[in-house]
């Protein structure tokens, strides 16, 4: 009986540890979002710190990203980051995989939820944001790449 109980406890601990595993990318995304909301850095500084953007596209990208940052600041004004969840796109239930479907980069894409509502899509490669937000292109949602 003691062996059975010990095996059951070890099995439970293994399962609960795997359920709580969070990737470095997910931690990086939460840190990035918290820095956006805090507002300690200017939009230009945020882009310089977290994004990889070709020099010829920086001005236009900054204009678009500034609007997205404003939206996040307004939505997350209460700074309750406990309610933010970052989920790898590939881990979403099939019925929630309604966009980003034909992209080769799905493994690097994350869906950010706030209070269980979709907030934004982020593509993170080598600890840098390569895609932020999404748009509808011909009936398929695509992540906006920078």
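Numbering (our numbering), first residue to last: 218 to 363. Note that beta-carbon positions come from the ideal geometry of N, C-alpha and C, so glycine has one too. Only a predicted model underlies this, so the values are computations on that prediction, with no experimental measurement involved.
Neighbourhood of residue i by C-beta distance below 7 Å, restricted to the same chain and skipping five residues each side
{"i": "residue 252", "result": "258, 263"}
{"i": "residue 261", "result": "279"}
{"i": "residue 324", "result": "307"}
Cβ separation of residue i and residue j, assumed to be a contact under 8 Å, to the nearest whole Å
{"i": "residue 303", "j": "residue 269", "result": "The pair is not a contact, with the Cβ atoms about 20 Å apart (cut-off 8 Å)."}
{"i": "residue 342", "j": "residue 350", "result": "16 Å between Cβ atoms; not a contact."}
{"i": "residue 239", "j": "residue 293", "result": "That pair is no contact at about 19 Å."}
Residue i classed as buried or exposed, judged by whether at least 16 other C-beta atoms fall within 10 angstroms
{"i": "residue 274", "result": "exposed"}
{"i": "residue 298", "result": "exposed"}
{"i": "residue 352", "result": "exposed"}
Simplified DSSP state of residue i, which is helix, strand or coil
{"i": "residue 269", "result": "coil"}
{"i": "residue 334", "result": "strand"}
{"i": "residue 351", "result": "strand"}
{"i": "residue 327", "result": "strand"}
{"i": "residue 275", "result": "helix"}
{"i": "residue 239", "result": "coil"}
{"i": "residue 258", "result": "coil"}
{"i": "residue 293", "result": "coil"}
Sequence-distant residues of its chain with Cβ nearer than 8 Å to residue i (five each side left out)
{"i": "residue 332", "result": "300"}
Residues near residue i by beta carbon distance below 6 Å, same chain, minus five either side
{"i": "residue 363", "result": "268, 270, 278"}
Meets three-Cβ-pair contact criterion under 8 Å: the region 242-250 and the region 330-349:
yes
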